[in-house]
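Comments concern the structure below.
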Amino acid sequence: MNRIGEILSGSLTGKQAEIRGWVYRIRSSGSLCFIVIRDSSGIVQTVASKESLGDMKIKELSGLTIESSLSVTGVVKEDKRSAGGYELQISDYRIFQRNDNYPITKDKGEEFLLDIRHLWLRSREMTSIMKIRSTVFRAFSDFFYNEGYYQTQGPMMVSTATEGGSTLFKLDFFGEEISLAQSSQFYLEVMMFALEKVFTIAPSFRAEKSRTRRHLTEYWHAEAEAAWYANEDMMRDEERMIEYIIREVLERNKEELLMLKRDLSKLENIRAPFPRMRYSELMQKMPEWGLGLKYGDDLGADEERAITVHFDKPVFVTHYPVAIKPTFYHREDPETPGELLCHDLLAPEGYGEIIGGGERIWNLKELKEKLKRYNLNPEDYYWYVDLRTYGSVPHSGFGLGLDRLIWWICGLDTIRDAIPFPRTIRRTRP
RNA sequence: GCCGCCGUAGCUCAGUAGGUAGAGCACUCGGCUGUUAACCGAGCGGUCGUCGGUUCAAAUCCGACCAGCGGCGCCA
């Protein structure tokens, strides 16, 4: 058995080959039948003629439908008339399943394609995205392994909220009300005291009723936490991580990016270091950029988009005022009280926030005061408080939305296409 | 949660003085020896989202409901 990729590489030219796959396109003209077959490595045109196979067989092959499964055997030759430049001349075949029809035809609406996502994932577009996604997941892990981090895991069924404003998915846990994790951050902080540098890739669940092309209710969250790291140390790892992931994708998935019509030059630009802007600096730029925000206003989605157009790389926005971050765990900058040692990373081309991170409060007194100010019960956070009670150290961390990263890298319209089975406010199937 | 949009064949859509619905694709049958999401001919295909109202008559006008999409807020 051979792969279609081998044929396209030219290594099978003039030889006998057997490929197995699915009908991608089929055209017949009575005594000739062209079947374009796909497998996970590509597509290739095969041709059957009445002359060599006889009446019955050409009829059977001509009657195949899109996505019918089969194997074919024959000699491979170069042929300019075939789309990929190669063609297999069928001398024998076996049909595994002939479909009556296939629901996907040339006109397709986004909604319909989501209903039949389980089939649409076979498309060349989705296949390309999923190959890139695979590279991104691997590259993220590789980067942090290479930097001396350990991979670890937190629970997905939890009894404490992480984020301030985020809504939780409630769950009945043998009579106790618990929820699905919104972040693994607090658990990474626990593991950080044991392993110093840790990362995880896990789903996070948000019950926010967001109806936008950049939100999922279940998304893949890549998070890291490092002991002894200040805010700036963390950002340095992050920018190199983003650069590494994009270089890996450019290296391994150029073909897929081109299939998605991605402008490669936009990605080739992405080299560390990334620009950093304090929130206060950003506000000073506002008039110049024609935006009406002033100090103390939160950055909306429109502003984020407007900011990223001034950069051809991702940009870090740091030192948000305490008042506009709903989270309690960020450490205040002792040098600029009222501002937090935190950062967001905004992806270019209007894609916006893909990372949120910062230095964590590590002083016990400070943490207790913050919990009080946010009306949180220290009892609920007893183990998080314990981390500051026993051998606390400065540390920082971040969370990256992997689906958002893939959305940007692939240049997609909606984040839903960055994940195989998107879960949105109104979609739980397939 | 707020604002906006949509629902007609399996899919994409058209359908105004309100008069019982149409095209392309898919599928079936036939034709074609070099096709590139081929082409030609024929066929199959509909509770016009649901319920109610106006009317002699509703896909069309009115109301409610249901489903979906986009944007904001919130975030990754």
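Be aware that the first sequence starts at 963, since it is given in this note's numbering, and climbs by one per residue.
Don't be surprised by glycine CBs; every beta carbon is placed ideally from N, CA and C.
Note that this is a predicted model, so its numbers are computed, not measured.
Check whether the Cβ atoms of residue i and residue j sit closer than 8 Å, and answer yes or no.
i: residue 1178; j: residue 1377; result: yes
i: residue 1229; j: residue 1208; result: yes
i: residue 1201; j: residue 1235; result: yes
i: residue 1251; j: residue 1309; result: no
i: residue 1393; j: residue 996; result: Only positions 963 to 1392 of the chain appear in the structure, and residue 1393 is not among them; the question remains open.
i: residue 1281; j: residue 1301; result: yes
i: residue 1382; j: residue 1092; result: yes
i: residue 1111; j: residue 1186; result: yes
i: residue 1065; j: residue 1081; result: yes
i: residue 1340; j: residue 1349; result: no
i: residue 1331; j: residue 1270; result: no
i: residue 1176; j: residue 1314; result: yes
Between residue i and residue j, what straight-line distance do the alpha-carbon atoms span, to the nearest angstrom?
i: residue 1083; j: residue 993; result: 33 Å
i: residue 963; j: residue 1037; result: 13 Å
i: residue 1303; j: residue 1294; result: 6 Å
i: residue 1195; j: residue 1290; result: 21 Å
i: residue 1062; j: residue 1085; result: 19 Å
i: residue 1389; j: residue 1215; result: 30 Å
i: residue 1180; j: residue 1115; result: 17 Å
i: residue 1021; j: residue 1029; result: 18 Å
i: residue 1224; j: residue 1372; result: 6 Å
i: residue 1137; j: residue 1121; result: 13 Å
i: residue 1354; j: residue 1079; result: 48 Å
Pick helix, strand or coil for residue i, following the three-state DSSP scheme.
i: residue 1190; result: coil
i: residue 1071; result: coil
i: residue 1036; result: strand
i: residue 1115; result: coil
i: residue 1222; result: coil
i: residue 1329; result: helix
Please report the residue range of the beta strand (DSSP E) in which residue i lies.
i: residue 1229; result: From DSSP, residue 1229 is part of no beta strand (DSSP E) but of the alpha helix (DSSP H) over 1226–1230.
i: residue 1140; result: 1138–1142
i: residue 1369; result: Unbroken run through residue 1369 is the alpha helix (DSSP H), 1364–1372; no beta strand (DSSP E).
i: residue 1078; result: First-last for residue 1078: undefined, no H or E at that position.
i: residue 1054; result: 1048–1059
i: residue 912; result: Lying before the first or after the last residue shown, residue 912 is absent from the chain, which here runs from 963 to 1392.
In the DSSP assignment, the alpha helix (DSSP H) including residue i goes from what residue to what residue?
i: residue 1098; result: 1086–1108
i: residue 938; result: Absent from the structure is residue 938, since the part of the chain shown begins at 963 and ends at 1392.
i: residue 1305; result: Taken as a continuous stretch (DSSP letters only), residue 1305 belongs to no alpha helix (DSSP H), being part of the beta strand (DSSP E) at 1304–1309.
i: residue 1149; result: 1147–1157
i: residue 1263; result: 1263–1270
Stretch-stretch touch, CB-based, cutoff 8 Å, three pairs: the stretch 1357–1365 with the stretch 1036–1052: no
Given 8 Å, three or more beta-carbon pairs between the stretch 1064–1073 and the stretch 965–983: no
Cβ pair count under 8 Å reaching 3, the stretch 1181–1200 against the stretch 1239–1246: The stretch 1181–1200, when compared against the stretch 1239–1246, does not touch it at the 8 Å Cβ threshold.
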